[in-house]
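Take -16 as the starting number for the sequence shown in my numbering and just add one per residue. For reference, the structure is listed below as structure tokens.
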Amino acid sequence: MNSEAFDRSAIVAGCRSRLHAGQTTIRERYLGEGDAARLLRERCQLVDEVLCDLWRTLALPASLALVAVGGYGRGELYPASDVDILLLLPQAPDEVLTAQLERAVALFYDIALDIAPSVRTVEECSHTAAADLTIQTALLEARLLAGNRELFQDACKELKGQIDPQAFFEAKRMEQEQRHRRYQDSPYSLEPNCKEAPGGLRDLQTILWIARAAGYGDSWEDLAQHGFITQEEQLQLKRCVGFLQRLRTHLHLHVGRREDRLLFDYQTALAERMGFVPTDTRRASERLMQGYYRTAKEVTQINTILLLNIGAAISPPPEQWPLPINERFQNRHDLLDVVNEDIFDRHPGAMLEAFLLMQKHSDLQGMTARTLRALWHARTRIDADFRRDPENRACFLEILKQPRGVLHELRRMNQFGILGRYLPNFGKIVGQMQHDLFHVYTVDQHSLQVLRNLRRFLADEFAHEYPLCSELISDFPRCWVLYVAALFHDIGKGRGGDHSELGAVDATEFCAEHGIAAEDSQLIVWLVRWHLLMSSVAQKQDIADPDILGTFATMVKDERHLVALYLFTVADIRGTSPKVWNTWKGQLLEQLFRSTCRTLLAGGQVPVRQGLIEERQQEALRLLRYFALPDAVHQRLWKQLDTVYFLRHSAEEIAWHTRALHYRTRVEQPVVKARVNPQGEGLEVLIYTKDQRDLFARLVGFFSRAGYTIVDAKIHTTRHGYALDSFMLLDLSDRGSDRAMISYIEHELKARLNRQSPPEAPGSGRLSRQVRHFPIQPLVTIEPDEKGSHYVLSIAAADRPGLLYMIAMTLAAHCASLHTAKISTLGERVEDTFLISGGGLGEAANRVRLETELLERLKL
-16 MNSEAFDRSA IVAGCRSRLH AGQTTIRERY LGEGDAARLL RERCQLVDEV
34 LCDLWRTLAL PASLALVAVG GYGRGELYPA SDVDILLLLP QAPDEVLTAQ
84 LERAVALFYD IALDIAPSVR TVEECSHTAA ADLTIQTALL EARLLAGNRE
134 LFQDACKELK GQIDPQAFFE AKRMEQEQRH RRYQDSPYSL EPNCKEAPGG
184 LRDLQTILWI ARAAGYGDSW EDLAQHGFIT QEEQLQLKRC VGFLQRLRTH
234 LHLHVGRRED RLLFDYQTAL AERMGFVPTD TRRASERLMQ GYYRTAKEVT
284 QINTILLLNI GAAISPPPEQ WPLPINERFQ NRHDLLDVVN EDIFDRHPGA
334 MLEAFLLMQK HSDLQGMTAR TLRALWHART RIDADFRRDP ENRACFLEIL
384 KQPRGVLHEL RRMNQFGILG RYLPNFGKIV GQMQHDLFHV YTVDQHSLQV
434 LRNLRRFLAD EFAHEYPLCS ELISDFPRCW VLYVAALFHD IGKGRGGDHS
484 ELGAVDATEF CAEHGIAAED SQLIVWLVRW HLLMSSVAQK QDIADPDILG
534 TFATMVKDER HLVALYLFTV ADIRGTSPKV WNTWKGQLLE QLFRSTCRTL
584 LAGGQVPVRQ GLIEERQQEA LRLLRYFALP DAVHQRLWKQ LDTVYFLRHS
634 AEEIAWHTRA LHYRTRVEQP VVKARVNPQG EGLEVLIYTK DQRDLFARLV
684 GFFSRAGYTI VDAKIHTTRH GYALDSFMLL DLSDRGSDRA MISYIEHELK
734 ARLNRQSPPE APGSGRLSRQ VRHFPIQPLV TIEPDEKGSH YVLSIAAADR
784 PGLLYMIAMT LAAHCASLHT AKISTLGERV EDTFLISGGG LGEAANRVRL
834 ETELLERLKL
């Protein structure tokens, strides 16, 4: 080994040892003290010292400069952040200098820092900054580490002369809007990015970049001196920065690499590191995330105000007299503006009036910065006396009753803390996460999503999405009662106990205080208490059963309650997660709605079973005539079918089965028929074969391997011992090729049933991170039905690959016969209901054994 190689190895080893020892000391001090800002500074100082010593060791020409840029230039180095450096040159390098620079860059890489180096002349910096906003921003925070100070100052002067504050402001504002869109314009995702998402660190950095480019300084203190923020806002910003810095620092230390996403994998550990402890009703991670969401909300508030203020200072709007609206408000450049900044202190009720005016004046495009700031600072004036004021109560109801702007203004009220102050229990659910495996929004955001969906039912442009909902809501008197129910339906979450009952108590109090008429109050409270009823009946019970339909109709009482509950149920399910809703759920809800409507119109009388069966049979025969089949085509099959079959299947399904099987009721070969669901997405599959052991498990395994999930199954055994099973399937992979799969399913499934091969387990798959880190306790119950001849098996558990197959195999092992299956998947959670018999289930001990085994196998 030559001396140069030996020296290089020694230098690299020395730098690595020095960095490792220094970073260990900094990390241990941080874990003891929790001062993130100090860690960021000290890591910068450590890296400064190492790089400057290296620069001197390399003995590069004195005409060059070593410059820190980006976050490193700003003086903030998180534990796993890149170290952005610029090797600044007076002119293009010759061959000798190029070789020296290559050795220098290689050495920077070797010392185990995440170096992000660039080599440019002053002229190149100017050209690239002019064409690339990211580079311009990075150079804006440049800091000289070593080398030619005059060259560095020339580069800074060149850049400063090149920046157009107004163009820079517009570019950064547009860049922020695009970045926010990548994160669905919401800080409330389940696994937010604490740097890039709305309300993250980048929103704060954007303000300081704009301020620096415009010459307003580079700190919150500077902005306060220029009058852009108040002292209170400066303190608030420091609290937000401190929280986000601690969170990102702990995240980097925990993961051991650069990671800015608050993934489920990390949330529990981060909560522990940051001192959050669980309560009786909430996990430590949920408390951490609520802290994060509330911080992100404050950041977006101040970011909004500062962008308005700084933008107006950089590019003042043309002078024009504001247009008076009333003695408290005016229209300034199509923005709602307060006449005096202390208006809300003198007239607190004007806070609610501001939102009402936004709804009534369509020419208003938003609020001025000083109006938003005044609202934010005055929000604490909303106290018990404010809430008792009859004028304020009337104004709040007026906001809900307006024909336009209800959602926008309630969102704005929530964003600036007004809604949570006016409804204190709503304030408690702001930023509260729900780790129930199917909600993807915080409780407050979900409630506003439900209201959004209700409002969309009224919009003509969305009528094609919700035709029945749009038709029903257009004739629904006083739609605003549904909005009140939306605000209260989940307001009881996080308090322990039944959130529906707790919400109903809050809704009762609200209605009484606001003087809402008895009829409307009763409906609001009823909706809050029973908002889960319709989805539960539709997805877990046999809605073709007259007894179930009659019980549901009795609980609904009348048509207005039914319409309200249907509209609310659709809005609620669609407001939980994009994954939860599908056309099958919509089909079930609509079927239950229409059947209940007919029952209510008949005075609450459900057709007796025999009359209902005859009605369905006659309708099925009418449908069969369209296919030019003989009048007696049904007789051979129908005499093998019992009352239960005709109760569980619709007339259209009966007709389809009859067409497929009328000439082969006794067959040696299985019959498999598939078709596209006539009423929506997915496939319907009919299987007719001699009854056999493990048939359901065999079918479940096949469908899963084919990429389908079962959402409904009707299992029937004919009088002469044949299985007549029908399944509703949805494509898990969203291939959009259901029709192309029909021939595959018919051919392959028939072949497998012919071979009588053992059930095939579904392909293995991975659990989602949410299920792994926030498992739910599985629930299994077995209860006799009303007649005591069958048993209802209910299962609630986290979804996972092969779950239904495991349940099927367990039932088969206990010799339990399956009659119907209702498969309800809610995001990452399943709530399945099975009607079973046999297997000695009449004995309590056998039911307990089955429940115990299922519970054991459902545990993750």
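We put the beta carbon where it would ideally sit given N, CA and C, even for glycine. Remember, predicted model here, so these are calculated numbers, not experimental data.
Asked: Counterpart residues of residue 658 in DSSP-defined beta bridges; Found: 667
Asked: Residue 155: first and last residue of the uninterrupted alpha helix (DSSP H) it sits in; Found: 148 to 165
Asked: Start-to-end residues for the beta strand (DSSP E) that takes in residue 504; Found: Per DSSP, residue 504 belongs to no beta strand (DSSP E); it is in the alpha helix (DSSP H), 501 to 513.
Asked: Buried or exposed (CB count within 10 angstroms, at least 16 for buried), residue 815; Found: buried
Asked: Sheet register partners of residue 130 (DSSP bridge); Found: 48
Asked: Spatial distance of residue 827 from residue 601 (CA atoms); Found: 42 Å
Asked: Nearest-angstrom Cα separation, counted from residue 219 out to residue 490; Found: 33 Å
Asked: Per DSSP, the bridge partner or partners of residue 821; Found: 799
Asked: Span of the alpha helix (DSSP H) around residue 382; Found: 373 to 384
Asked: Cβ-based neighbour list, residue 23, same chain, cut-off 8 Å, excluding 5 preceding and 5 following; Found: 58, 59, 60, 61, 228, 232
Asked: Residues that residue 176 bridges to, as DSSP identifies them; Found: 244
Asked: Three-way DSSP call (helix, strand, coil) for residue 292 in this model; Found: helix
Asked: Separation of residue 712 from residue 804, as counted between CA atoms; Found: 12 Å
Asked: Proximity to residue 692 [Cα-Cα], best of 151, 710, 776; Found: 710
Asked: Minimum length 4: unbroken alpha helix (DSSP H) runs contained in the stretch 252 to 297; Found: 267 to 297
Asked: Close beta carbons around residue 394, own chain, < 7 Å, minus the five adjacent residues each side; Found: 431
Asked: Identified DSSP bridge partners for residue 714; Found: 691
Asked: beta-carbon residue 407 near the ligand GDP non-hydrogen atom, thresh 6 Å; Found: The model on display carries no ligand, and the ligand GDP is accordingly not part of it.
Asked: Simplified DSSP assignment, three categories, for residue 445; Found: helix
Asked: Between the CA atoms of residue 586 and residue 806 - distance to the nearest angstrom; Found: 32 Å
Asked: Cβ-Cβ separation, residue 409 to residue 844 (assumed contact under 8 Å), whole Å; Found: Here the chain has residues from -16 to 843 only, and residue 844 is not among them.
Asked: Buried or exposed (CB count within 10 angstroms, at least 16 for buried), residue 823; Found: exposed
Asked: Collapsed DSSP secondary structure at residue 349 in the structure displayed; Found: strand
Asked: Distance, residue 473 Cα to residue 758 Cα; Found: 21 Å
Asked: Inter-residue Cα distance where the pair is residue -13 and residue 66; Found: Any reading at residue -13 must be qualified, since the residue scores a pLDDT of 48, below 50, and its modelled position is unreliable; the value itself is stated next. Their backbone Cα atoms lie some 26 Å apart in a straight line.
Asked: Limits of the unbroken beta strand (DSSP E) element including residue 313; Found: 312 to 315
Asked: Identified DSSP bridge partners for residue 698; Found: 708
Asked: CB contact flag (residue 557, residue 564, <7 Å); Found: yes
Asked: Cβ pair count under 8 Å reaching 3, the stretch 601 to 619 against the stretch 631 to 642; Found: yes
Asked: DSSP state of residue 407 mapped onto helix, strand, coil; Found: helix
Asked: Alpha-carbon to alpha-carbon, residue 209 and residue 199; Found: 7 Å
Asked: C-alpha gap between residue 166 and residue 41, whole angstroms; Found: 44 Å
Asked: 4-residue-minimum alpha helix (DSSP H) runs that sit fully inside the stretch 24 to 90, ordered along the chain; Found: 53 to 57
Asked: Check whether residue 134 and residue 184 have beta carbons under 7 Å apart; Found: no
Asked: Continuous beta strand (DSSP E) stretch holding residue 103: start and end; Found: 98 to 104
Asked: Contact belief for residue -5 with residue 93 at Cβ below 8 Å, rounded distance in angstroms; Found: 5 Å
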